[in-house]
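Chemist: First the structure, which I've put down as structure tokens, then a few questions once you've had a look.
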Amino acid sequence: MYQLIAFDMDGTLLTSKKTIAKSSVEAIGRAQDAGKQVVLSTGRSLSELLPYGDDLRGIRYAILASGALIYDLEAKCVLAKQTLPAIAVDKVKAIAEAQDLMLVCMIDGQGYLQKSHFENIANYYMEIYTELYDKTAILVDNIYDLLAKEREHFDKINIYHFTARDRDQSYETLLSEKITMIKAEVSGLELTAQGVEKGQGLAHLAQKLNLPMEQIIAVGDADNDESMIREAGFGVAMGNANETIKNLADIVVADNDHGGCAQAIDDVLLAEKYKDNE
């Protein structure tokens, strides 16, 4: 019997307009009424959950920064965290400063962003996040100074480039570092400590909750969801997921604009239509 369902946010729990559908909110309520755990597993920082507070009521645990930070939303405390190695942060600083790349840097669940990059966010193909960063990020005059000052304290760093080719070059340059890298968005590169990913974060939380992975469902759409879909007892791909995730998952539900998350809760977690997959 499945006891916990973990949702990615962007492209999964969030619609293409970056809202949480009413059907998803209602389904989360049904799951909680049935005594099931609903968990967030996202690349976002803690501060980036704030705009969704009303819709996320009752969700206690969040796997943040792609697994780097596990947080108890009810007790308002960190359960586990892993930071990037300082030497890798130094290398990121050199790459980004030389090209004036946009960085979103996360420390203890708070995102930081340079003012000038935010003002020119469309140059990095990230304009859909303008409102989010305006509400949740701390804007600084010089992000590279922050990298130097806090080099040992970053949960996660996202690098946004001017082109996908530039992103691929950064990827190759950073391959020698002891970090985990995921390509995201049009030009993004998400960096966490080596071995840190959503699957590892989900396994860590499951251990704390004394739940076997066989009783856990993971729902996602993108490359950074691959590890948790592999680790979970049952994997669900959104209808808008990439082909890798669809092929890996046990089932494909509707997309993020048409009730896919509610379908995952009702059909898999509650109705257990697919319990033979346990």
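Residues in the sequence shown are numbered from 2 upward in steps of one, following this note's numbering.
Think of the CB as a built atom: it goes at the ideal place given N, C-alpha and C, for glycine as much as any other residue.
These numbers come from a predicted model, not from an experiment.
Just to confirm before moving on: does the CB-CB distance between Asn257 and Asn243 stay below 7 Å?
Modeler: Locating residue 257 in the sequence shown gives position 256, where the first residue counts as 1. Locating residue 243 in the sequence shown gives position 242, where the first residue counts as 1. It is not a contact, given that the beta carbons lie outside the stated cut-off.
Chemist: Pick helix, strand or coil for Glu191, following the three-state DSSP scheme.
Modeler: Residue mapping note: residue 191 aligns to position 190 of the sequence shown, counting from 1. Residue state, collapsed to three classes: strand.
Chemist: Looking at the structure shown, is Tyr72 part of a helix, part of a strand, or coil, going by DSSP?
Modeler: Looking up residue 72 in the sequence shown gives position 71. Strand.
Chemist: Can you tell me whether Gln201 is buried or exposed, with buried defined as 16 or more other CB within 10 angstroms of its CB?
Modeler: Locating residue 201 in the sequence shown gives position 200, counting from the first residue. Per the 10 Å Cβ criterion, buried.
Chemist: My output table needs one value for Lys184: the three-state DSSP class, helix, strand or coil.
Modeler: Within the sequence shown, numbered from 1, the residue matching residue 184 stands at position 183. Three-state DSSP puts Lys184 in a strand.
Chemist: To the nearest angstrom, how far is the alpha carbon of Arg168 from that of Tyr161?
Modeler: The residue you call residue 168 lines up with position 167 of the sequence shown. The residue you call residue 161 lines up with position 160 of the sequence shown. Distance between the alpha carbons of Arg168 and Tyr161 is about 7 Å.
Chemist: Consider the Cβ of Glu120: report whether some Cβ of chain C lies at a distance smaller than 7 Å.
Modeler: Within the model displayed, chain C is absent; a lone protein chain is all it includes.
Chemist: Rounded to the nearest angstrom, what separates Glu27 and Leu271 at their Cα positions?
Modeler: Position 26 of the sequence shown, counted from the start, is the residue given in the question as residue 27. Position 270 of the sequence shown, counted from the start, is the residue given in the question as residue 271. Their Cα atoms are separated by approximately 13 Å.
Chemist: Tell me which residue opens and which closes the alpha helix (DSSP H) that Asn248 is part of.
Modeler: Here residue 248 corresponds to residue number 247 of the sequence shown, with the count starting at 1. Here the alpha helix (DSSP H) through Asn248 covers Glu244 to Leu249.
Chemist: Specify the secondary structure class of Phe163 as computed by DSSP and reduced to three states.
Modeler: In the sequence shown, counting from the first residue as 1, residue 163 sits at position 162. The answer is coil: DSSP assigns Phe163 none of H, G, I, E or B.
Chemist: Going straight from the alpha carbon of Glu279 to that of Arg231, what length do you get?
Modeler: The residue given as residue 279 occupies position 278 in the sequence shown. The residue given as residue 231 occupies position 230 in the sequence shown. With a pLDDT of 47 at Glu279, under the threshold of 50, the predicted position of this residue should be treated as unreliable, and no value is reported.
Chemist: Within this structure, are the beta carbons of Glu188 and Met107 separated by less than 7 Å?
Modeler: The residue labelled residue 188 in the question sits at position 187 within the sequence shown. The residue labelled residue 107 in the question sits at position 106 within the sequence shown. Per the sequence shown, residue 188 should be read as Ser rather than Glu. Contact flag unset, no.
Chemist: Helix or strand or just coil, what does DSSP make of Leu65?
Modeler: The count along the sequence shown starts at 1 and reaches residue 65 at position 64. Strand.
Chemist: Enumerate in chain order the residues of its own chain whose CB-to-CB distance from Asn80 is below 7 Å, with the five nearest sequence positions on each side excluded.
Modeler: Here residue 80 refers to the residue found at position 79 of the sequence shown. Sequence inspection shows Leu at residue 80; the Asn mentioned does not correspond to that position. So the qualifying residues of the chain are Ile71, Tyr72, Asp73 and Lys209.
Chemist: What separation, rounded to the nearest whole angstrom, lies between the Cα atoms of Gly59 and Val39?
Modeler: To locate residue 59, count along the sequence shown from 1; it is residue 58. To locate residue 39, count along the sequence shown from 1; it is residue 38. So the two alpha carbons sit approximately 8 Å from each other.
Chemist: Quick one: what's got a C-beta closer than 6 Å to Tyr3's C-beta in the same chain, skipping five residues either side?
Modeler: Position 2 of the sequence shown holds residue 3. Excluding residues within five positions, the ones whose Cβ falls inside 6 Å are Gln216, Ile218 and Leu270.
Chemist: Can you name, in chain order, every residue of its own chain whose Cβ lies under 7 Å from the Cβ of Met305, other than the five neighbours on each side?
Modeler: In the structure as shown, the chain begins at 2 and stops at 279. Residue 305 is therefore absent and cannot be evaluated.
Chemist: May I ask you to report which of helix, strand or coil DSSP gives Tyr130?
Modeler: As a working mapping, residue 130 is identified with position 129 in the sequence shown. In the structure shown, Tyr130 sits in a helix (DSSP, three-state: H, G or I).
Chemist: Identify the residues that DSSP records as bridge partners of Lys82: which are they?
Modeler: The residue given as residue 82 occupies position 81 in the sequence shown. Looking at the DSSP assignment, Lys82 forms a beta bridge with Leu70.
Chemist: Between Asn143 and Ala89, what straight-line distance do the alpha-carbon atoms span, to the nearest angstrom?
Modeler: As a first step, residue 143 is located in the sequence shown; it is residue number 142 there, counting from the start. As a first step, residue 89 is located in the sequence shown; it is residue number 88 there, counting from the start. Distance between the alpha carbons of Asn143 and Ala89 is about 19 Å.
Chemist: Quick one: which unbroken beta strand (DSSP E) runs of 3-plus residues sit fully inside the stretch 197 to 224? Chain order, please.
Modeler: Taking only runs of at least 3 residues, the beta strand (DSSP E) segments lying wholly in the stretch 197 to 224 are 217 to 221.
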